[in-house]
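Presented below is the structure to which this report refers.
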Ligand code: AMP
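Residue numbers (this note's numbering): 73 to 467.
Here it is, written out as structure tokens:
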């Protein structure tokens with residue numbers, strides 16, 4: 073696996089696919105620069121080698137050229153974060169971009185306009201990718217968030233750099249972290265899967281059964297499993313067409329010697345609302361008119377025990393409706409358990425949309441080993457798929 077550490081960028085122009093798809097407010101100011109900060113180590117290494125950087129990214133989902141999606145709005149923020157002046161090309165391909173790239177000096181940075189102003193980007197158009205490839209000597213992919221897309225800048229462009237393509241620091245770290253969990257993590261290996269639906273996680277569950285010793289299933293998914301086993305789940309969220317699948321997963325787990333831990337009690341509410349009345353009840357005896365919205369105290373004790381025994385931990389999906397304060401306790405407690413286990417030497421990876429949001433919201437970001445930057449890309453990796461953006465560099 074080639075990374076930027078395998079290259080000396082002196083007098084070379086790096087064409088870097090970054091993920092600068094950052095949130096902007098109504099005044100078109102960057103409200104969260106995390107993604108820019110995450111790309112900094114890669115950019116700085118190249119500049120310090122005596123190279124220059126041509127940065128390319130998408131921003132949002134524009135239909136053609138739409139001013140509000142212009143990357144010019146984030147130039148100032150990139151300059152703040154990097155402490156280096158950033159030049160800008162008003163089109164990611166064509167004469168101006170080629171001229172600005174060709175006159176770029178060592179230590180300088182050029183940012184290209186939004187790749188998705190051209191529909192060829194998401195179509196993975198080869199001619200468009202070839203035009204992009206003219207702008208650099210070495211192709212660097214540092215955008216995990218789009219690595220599951222076979223777009224021109226994330227995948228197709230790599231073929232024009234057969235000997236000169238590599239992963240940036242950020243993408244390399246993502247790959248290593250996922251590898252650490254899915255291949256040869258120190259045992260016992262635990263996966264905690266939460267979130268709303270079995271159907272959106274089924275491929276992950278099936279792939280992960282071959283890799284883990286323990287599997288905690290929480291969140292809304294719980295109730296499909298409990299109902300399948302004959303429990304009364306009241307009005308809790310449930311996918312009735314997935315109960316047979318849930319039983320099959322339990323069977324597969326047993327055959328593979330994977331211990332599945334489901335909540336034993338829940339915080340039940342009489343409405344899907346933070347102001348609802350609540351009671352703690354057995355997960356198998358939820359009264360009609362009530363729905364389980366968070367893991368209960370006994371479950372959290374059991375989960376804490378499992379988490380603290382584990383040496384490798386993957387966490388994807390909240391244990392309850394954490395967006396509502398009254399149903400966030402389970403997710404917070406799990407975060408605390410994982411933080412403690414990490415402190416005791418476990419490797420912990422948090423990935424996939426909502427658990428990342430929860431980890432940030434409740435301040436666990438620095439207390440786990442790694443927080444993934446890619447939602448869809450992370451899920452597809454956990455499903456066992458080879459991401460096209462990664463395969464294109466390894467080819
Ligand atoms: P996912 O995107 O599949 O990871 O699902 C995350 C969502 O699941 C969050 O918005 C949670 O509010 C929701 N969720 C977690 N637990 C429950 C539950 N017991 N009932 C309904 N929704 C839940």
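Backbone N, C-alpha and C define an ideal beta-carbon position, used for all residues, glycine too.
These numbers were taken from a predicted model, which means no experiment stands behind them.
Between which two residues does the alpha helix (DSSP H) carrying residue 403 extend? 401-415 is the span of the alpha helix (DSSP H), which, as asked, contains residue 403.
Answer yes or no: the CB of residue 411 versus the heavy atoms of ligand 1, is any distance below 6 Å? no
Which full runs of the alpha helix (DSSP H) of 4+ residues lie inside the stretch 144-193, going along the chain? 147-154, 167-174
Does DSSP put residue 364 in a helix, in a strand, or in coil? The answer is strand: DSSP assigns residue 364 an E or B state.
Span of the beta strand (DSSP E) holding residue 350? 350-354
For residue 331, the three-state DSSP class (helix, strand or coil): strand
Out of curiosity, what's the CA-to-CA distance linking residue 85 and residue 213? 14 Å
Can you tell me where the alpha helix (DSSP H) with residue 73 in it begins and where it stops? Here residue 73 belongs to no alpha helix (DSSP H), and DSSP marks it neither H nor E.
Name, in chain order, the residues that DSSP records as bridge partners for residue 357. 304
Tell me whether residue 426 counts as near ligand 1, meaning its Cβ is closer than 6 Å to at least one heavy atom of that ligand. yes
Leaving out the 5 sequence neighbours to the left and right, which residues in its chain are closer than 7 Å to residue 472 when beta-carbon positions are compared? Since the first residue of the chain shown is 73 and the last is 467, residue 472 is not available in this structure.
With distance defined between alpha-carbon atoms, name the residue in 269, 376, 299, 260 nearest to residue 541. With the chain covering only 73 through 467, there is no way to say anything about residue 541.
Examine the Cβ distances between the stretch 77-96 and the stretch 122-132 and report whether three or more of them are shorter than 8 Å. yes
Should residue 338 and residue 368 be called a contact, given that it needs their Cβ atoms to be closer than 7 Å? yes
Do residue 365 and ligand 1 come close, with the Cβ less than 6 Å from some heavy atom? Yes; taking the cut-off as 6 Å, the Cβ of residue 365 has a heavy atom of ligand 1 nearer than that.
Please classify residue 344 as buried or exposed, where buried requires at least 16 other C-beta atoms within 10 Å of its C-beta. exposed
Note the first and the last residue of the continuous alpha helix (DSSP H) segment covering residue 463. Unbroken alpha helix (DSSP H) run through residue 463: 460-466.
Between which two residues does the beta strand (DSSP E) carrying residue 337 extend? Unbroken beta strand (DSSP E) run through residue 337: 337-341.
Could you work out which residue in 300, 329, 330, 258 is closest to residue 316 when comparing CA atoms only? 300
Flag residue 153 as yes when its Cβ comes closer than 6 Å to any non-hydrogen atom of ligand 1, and as no otherwise. no
Spatially closest choice to residue 381 from 92, 415, 256, 200, by CA coordinates: 415
For the stretch 425-433 against the stretch 245-258, are there 3 or more C-beta pairs whose distance is under 8 Å? No, because fewer than three Cβ pairs between the stretch 425-433 and the stretch 245-258 fall closer than 8 Å, the two stretches do not touch.
What are the boundary residues of the alpha helix (DSSP H) that includes residue 241? Annotation for residue 241: the continuous alpha helix (DSSP H) segment containing it runs 241-254.
Within the chosen definition, does the stretch 253-270 reach the stretch 384-394 through at least 3 CB pairs nearer than 8 Å? yes
Going straight from the alpha carbon of residue 446 to that of residue 467, what length do you get? 22 Å
Collapsed DSSP secondary structure at residue 117 in the structure displayed: helix
Going by beta carbon distance, what residues of the same chain come within less than 6 Å of residue 362, once the five residues before and after it are set aside? The answer, listed in chain order, is 306, 340, 342.
If you draw a straight line from the C-alpha of residue 418 to the C-alpha of residue 366, how long is it? Each residue's alpha carbon lies about 25 Å from the other.
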